[in-house]
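S.K.:
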Amino acid sequence: MREFVLHINGSHVSVTASPEESLLSVLRDHLKLTGTHYGCGEGQCGACTVLLDGVATRSCLTPVGGVGDTQIVTIEGLEQNGRLSPVQQAFLDEGAFQCGYCTSGMILNAVSLLRKTPHPTDQQIVASMNGNICRCGTYPRIVAAIRRAADGAAQ
Amino acid sequence: MSGRVDSELEPFQEERWRLLALPLDRRDFLRFFGGGLLVCFVHPAVAAQESGRSFGGHPLPRDIAAWLHIDAASQVRVFTGKVEVGQNIRTSLAQLVAEELRVPFETVTMVMGDTALTPYDMGTFGSRSTPTMGPQLRTMSAAARKMLLEAAAARWRIEPASLKAEAGKVIDPRTARSFTYGELTGGQDLVHVVSDSEILASAADWKIAGTSLPKADGRDFVTGRHQYPSDIVRENMLFGAVLRPTGYDATLVSLDSSAVEKLPGVQVVHEGDFVGVVAPDGFTAQRAVSLLRAQWKVPAQPSNRELFALLKDSSDPGDGPQSASGAVEQALAAAPIRVDQQYTVQYIAHAPLEPRAAVAEWNGSNVTVWTGTQRPFGVRDELAQAFHLAADQVHVIQPDMGSGYGGKHTGETAIEAARLARAAGKPVKLVWTRSEEFTWAYFRPAGVIEIRAAAQSDGKLVAWEHHNHNSGSAAIGTPYVVPAQLVHYHPARSPLRQGSYRSLAAAANVFARESHMDALAHAAHLDPLDFRLKNLADARLRAVLQAAAEAFGWGREKSTPARGFGIAGGTDKGGYTAACAEVAIDPAAHTVRIVRVVQAWESGAIVNPDGLRNQIAGAIVQGIGGALFEQVLFADGRVLNPRFAQYRVPRFSDVPQIEVVLLDRKDLPSAGAGETGIVVLAPAVANALFAAGVHAPTLPMAPRTPAPGASAPPLWS
């Protein structure tokens, strides 16, 4: 067990954990940031996606010992002063969920995509979102939401 | 493992009425909610005994199905044992209440699936919430509105008929004076009991129901604020993990837990063949389980290789044929057009993205469990039985969960968490791993379906024989007009634990029947749509077939070996649906891709068009998995593909162009729409493949990997 100081959603947070413990487990079990979800534990579903220095990362495959001083953003950190981020708002506007369990990971992966590629084609959206599973099958709405967020940013 | 479809999971054709006391007594109730108007819905048979009971002073009725409370601030709370699992019922039921009660939608809060707060409910399955709970809530709401109009009329000493209810107020249109509902109820203690006799608003006049209101609490789902069952946190909570046997029906031969006993903060719980651990966090709990050394004895068990022979050989006549009419053998023998075919269906997994999860907390001999289930009251009873408790010592809470699709009817995780929490003396959270979810949940039944059918040379059906071995009887009867019929579901000995799945066996039976219809149409040299319409009297099914065909442009293009067009229709649980599909085939690469799907849907009056569209489109996407590639591979009591890396589910890249056509029948009662939307995708795709020259009478049709020991490689891989 070691003490780590993590930079999460703009704050420094101290946590005692085993270095090989996954960031997902640290976020959920130690820090009660339960908006990041477990879906498979092997990087196949994307439910656990967080941003590390702005890049979508599978927290289930990321040992906390390797995080260092990267800036971690979880779904709880996207809303600013009561204002949803454009991608969150677009998901809400498109009704791009059913049970919503995949939504955190979908949103963070989309944020990462739009940061790198502000105006993605549908093919680029599909290619970069393909590692995220929605068992309710709301994929077309998620694509529409990402398109909406990208279009909104263009205006 | 069960011999057949678990009796508890047996498809419920109709939800039986079962009545239990209001969970709260009157004192609790007033403490919880203060004064106000309480309206309870009771079954008509009970209503006869309860009649005249109204307005304060009386004990609460014993047997109610749902209830509604309006407080002094005009806030409306509605209590039902139904649960929200992503099907949007929390929103659509609130719309129906707001509509009949004439209050703003935002003032209605649905309290759902909590065994201490809501009336008993058998569970959320069979697409019953909309047709059963919908009218009950509407009736309560209409009765409450009537009482409020009468209360205002009494205060103003005028006739109730001269007043109107609107936006949470009773208004006197002549003077423009008004009372809010809260002003009319506040401080008082009003109780009213209703049965299903109120006159409800016609769907044609709906203003709140029938509109595309967004998901209730939608913001909580994009901010991570919503707490799923696996997100529940309790003070001093520990984390559990369970040691799983190496196969089904295993017995524990030996256990060495010495390496684990040394870990700080870790406790091993060993009771018979149950071995689990509790630890300060989930990571440590999983690591501790991996350090347990256990030997299991696993009996020899069958694999996919023997599956279909086993199902057929072990099946029995069950309750006899579902329908039998005319001289089937004679008609089959005499008719000029005859097609016989066997269809097979592999087991598939629900694989909800949130695996089974529970948090259990004991308080003396009482236990509270937060868990994801479609049957909170069923899980309460399972817990009571497992721990020898009375039902009222068990409190089950169902936070809106990461869905179930029929897969979360049972309470095994709740029992395991409660067992660990009892041993630990602290609250315990248990979240199944993905591989546990794939292995130790239950599956959609596999099946063998045999159809023999015949038609006259003009394409009129004359005989239809449909045997389903094991997969189930839902939608087993043909909707087509056939004079001689034998339709028979044969229960069988299932080698894997099986249970409900979205639409039950309707997906399998409709797949086989609609595939068979195309084979017959082909033999009769008729267009598949014309052939169906020629043999179909059901106006609602005809309407969706025609709507799908029209939107798709059916018949505009002919199928080729590289490109196929297919159509299929079906009805079950009050929903009518038809789909047209276009597939692209690459014979060289042995691949098939679904290019485009147009699906028409009709289930009476639409309560929320956008929510319904979301359900039907979602069913199409989910249906792609069972149609093309999902299958549980198993041998010797083990699942061989218990990971998303091995069990392929539909992803973004599998999604075709989708168009959903909704038919709104405001003249018909609203039916449920969570399930039947999934039944036509597979046969529409099968028929598109068939039209392109590929015959695939199997679900899945294009498995990525061959079943272990399969004699031939899959056609499409």
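Protein sequence lines, in the order shown, are assigned to chains A and B. The opening position of the first sequence corresponds to residue 0 in numbering that gives the first Met the number 0, with each subsequent residue numbered one higher. The opening position of the second sequence corresponds to residue 0 in numbering that gives the first Met the number 0, with each subsequent residue numbered one higher. Beta carbons: idealized from backbone N, C-alpha and C, even for Gly.
1. Within the chosen definition, does the stretch 640-659 of chain B reach the stretch 532-542 of chain B through at least 3 CB pairs nearer than 8 angstroms?
2. Quick one, are the C-beta atoms of N640(B) and K425(B) less than 8 angstroms apart?
3. Looking at the secondary structure, which residues open and close the alpha helix (DSSP H) in which D216(B) lies?
4. With G617(B) as the anchor, note down where its alpha helix (DSSP H) starts and where it stops.
5. For the stretch 281-288 of chain B against the stretch 450-458 of chain B, are there 3 or more C-beta pairs whose distance is under 8 angstroms?
6. Taking the straight line between their C-alpha atoms, what separation do you get for A357(B) and F437(B)?
7. In three-state terms, what does DSSP make of Q656(B)?
8. Kindly identify the DSSP beta-bridge partner or partners of M109(B).
9. Just grab the DSSP bridge partners of C135(A) for me.
10. Between T114(B), L95(B) and G112(B), which has its C-alpha nearest M106(B)'s C-alpha?
11. Is the beta carbon of H36(A) sitting closer than 8 angstroms to the one on Y100(A)?
12. Just verifying my parser: in three-state terms, what is the DSSP assignment at P62(A)?
13. List the residues of chain B whose Cβ lies closer than 7 angstroms to the Cβ of F96(A), in chain order.
14. Can you give, in chain order, each stretch of the alpha helix (DSSP H) that sits fully within the stretch 531-586 of chain B and has at least 4 residues?
15. Going by DSSP in three states, L67(B) sits in which element: helix, strand or coil?
16. Tell me C101(A)'s beta-bridge partners as DSSP assigns them.
17. Could you tell me which residues DSSP puts in a beta bridge with N365(B)?
18. Short check: CB of A504(B) to CB of S470(B), under 8 angstroms?
19. So for L77(A), helix, strand or coil by DSSP?
20. Which residue marks the beginning of the alpha helix (DSSP H) containing S229(B), and which one marks its end?
21. Please list, in chain order, the residues of the stretch 87-119 of chain A that have any C-beta partner in chain B closer than 7 angstroms.
22. Look at the alpha carbon of W205(B) and the alpha carbon of E98(B), and state the distance between them as a whole number of angstroms.
23. When Cβ atoms are compared, which residues of the stretch 42-55 of chain A fall closer than 7 angstroms to chain B?
24. Helix or strand or just coil, what does DSSP make of Y180(B)?
25. Okay, do the stretch 459-469 of chain B and the stretch 393-406 of chain B touch, 3+ Cβ pairs below 8 angstroms being the bar?
26. In chain B, which residues lie less than 7 angstroms from R177(A) when you measure between Cβ atoms?
27. Once the 5 residues before and after E260(B) are set aside, which same chain residues still bring their CB inside 8 angstroms of it?
28. In angstroms with no decimal places, state the Cα-to-Cα distance between E411(B) and H589(B).
29. Considering only the alpha carbon of each residue, which of F78(B), S253(B), Q74(B) and V327(B) lies closest to C39(B)?
30. When you compare only the Cα positions, how much space is there between A155(A) and R114(A)?
31. Does the beta carbon of H11(A) come closer than 8 angstroms to any beta carbon on chain B?
32. Can you find the residues in the same chain that come closer than 6 angstroms, C-beta to C-beta, to G624(B), ignoring five residues on each side of it along the sequence?
33. Along chain A, which residues have their Cβ under 7 angstroms away from the Cβ of H225(B)?
34. Pull out every residue of the stretch 121-132 of chain B whose Cβ sits closer than 7 angstroms to any Cβ of chain A, in chain order.
35. Do you know offhand how far T102(A)'s Cα is from A152(B)'s?
36. Is W600(B) near G676(B), with beta carbons less than 8 angstroms apart?
M.R.: In short:
1. no
2. Counting from one through the second sequence, the residue named residue 640(B) turns up at place 641. Counting from one through the second sequence, the residue named residue 425(B) turns up at place 426. The answer is no: Cβ separation not under 8 angstroms.
3. The count along the second sequence starts at 1 and reaches residue 216(B) at position 217. Premise fails: D216(B) is in no alpha helix (DSSP H) and is neither H nor E.
4. As a working mapping, residue 617(B) is identified with position 618 in the second sequence. It spans P608 to I623 - the alpha helix (DSSP H) in which G617(B) sits, taken as one unbroken run.
5. Result no; under three Cβ-Cβ pairs closer than 8 angstroms.
6. One-based indexing of the second sequence puts residue 357(B) at position 358. One-based indexing of the second sequence puts residue 437(B) at position 438. Rounded to whole angstroms, A357(B) to F437(B) spans 17 angstroms at the Cα level.
7. Against the second sequence, residue 656(B) aligns to sequence position 657. Here Q656(B) sits in strand by DSSP.
8. Translated into positions along the second sequence, residue 109(B) becomes position 110. DSSP output for M109(B) lists V77(B) as bridge partner(s).
9. Your numbering for residue 135(A) matches position 136 in the first sequence. Answer by DSSP bridge pairing: none, since C135(A) is not bridged.
10. Position 107 of the second sequence, counting from 1, holds the residue named residue 106(B). For clarity, residue 106(B) is Thr in the given sequence; the question names Met instead. The shortest C-alpha separation from T106(B) is found at L95(B).
11. Reading the first sequence from its first residue, position 37 is the one you call residue 36(A). Reading the first sequence from its first residue, position 101 is the one you call residue 100(A). Yes. Within cutoff.
12. The residue given as residue 62(A) occupies position 63 in the first sequence. Reduced to three states, the DSSP call for P62(A) is strand.
13. On the first sequence, position 97 is the one that residue 96(A) refers to. Per Cβ cutoff of 7 angstroms: F220.
14. 538-551
15. Reading the second sequence from its first residue, position 68 is the one you call residue 67(B). Strand.
16. Translated into positions along the first sequence, residue 101(A) becomes position 102. The partner list for C101(A) (beta bridge, DSSP) is empty, contrary to what the question assumes.
17. For the purposes of this step, residue 365(B) is taken as the residue at position 366 of the second sequence. BP columns for N365(B) point to N362(B).
18. What you label residue 504(B) is simply residue 505 of the second sequence in a count that begins at 1. What you label residue 470(B) is simply residue 471 of the second sequence in a count that begins at 1. Against a cut-off of 8 angstroms, the Cβ pair of S470(B) and A504(B) comes out as a contact.
19. In the first sequence, residue 77(A) corresponds to position 78, counting from 1. L77(A): coil per DSSP, three-state reduction.
20. Residue mapping note: residue 229(B) aligns to position 230 of the second sequence, counting from 1. Annotation: S229(B) is outside any alpha helix (DSSP H) and is labelled neither H nor E by DSSP.
21. Q87, F90, L91, G94, F96, Q97, C98, G99, Y100, C101, T102, S103 and I106
22. For the purposes of this step, residue 205(B) is identified with residue 206 of the second sequence, where counting begins at 1. For the purposes of this step, residue 98(B) is identified with residue 99 of the second sequence, where counting begins at 1. Rounded to whole angstroms, W205(B) to E98(B) spans 7 angstroms at the Cα level.
23. Q43, C44 and A46
24. Residue 180(B) sits at position 181 when you count from the first residue of the second sequence. DSSP places Y180(B) in helix when its eight states are reduced to three.
25. no
26. The question about residue 177(A) has no answer, for chain A in this structure spans 0 to 154.
27. Translated into positions along the second sequence, residue 260(B) becomes position 261. Within the same chain, E260(B) has close Cβ partners V267.
28. By one-based count along the second sequence, residue 411(B) stands at place 412. By one-based count along the second sequence, residue 589(B) stands at place 590. The straight-line gap separating the alpha-carbon atoms of E411(B) and H589(B) is approximately 42 angstroms.
29. As a position in the second sequence, residue 39(B) is number 40, starting the count at 1. Comparing Cα-Cα distances from C39(B) to each of F78(B), S253(B), Q74(B) and V327(B), the minimum goes to F78(B).
30. Shown here, chain A extends from 0 to 154; a query on residue 155(A) therefore has no answer.
31. Within the first sequence, residue 11(A) is the residue found at index 12, counting from 1. Chain B contact via Cβ: absent.
32. For the purposes of this step, residue 624(B) is identified with residue 625 of the second sequence, where counting begins at 1. V648 and P649, listed in sequence order.
33. Walking along the second sequence from the start, residue 225(B) turns up at place 226. Using a Cβ-Cβ cut-off of 7 angstroms, H225(B) is close to G99 of chain A, given in chain order.
34. none
35. Taking the first sequence and counting its residues from 1, the one referred to as residue 102(A) is at position 103. Taking the second sequence and counting its residues from 1, the one referred to as residue 152(B) is at position 153. Whole-angstrom Cα-Cα distance: 49 angstroms.
36. Position 601 of the second sequence, counted from the first residue, corresponds to residue 600(B). Position 677 of the second sequence, counted from the first residue, corresponds to residue 676(B). It is a contact, given that the beta carbons lie within the stated cut-off.
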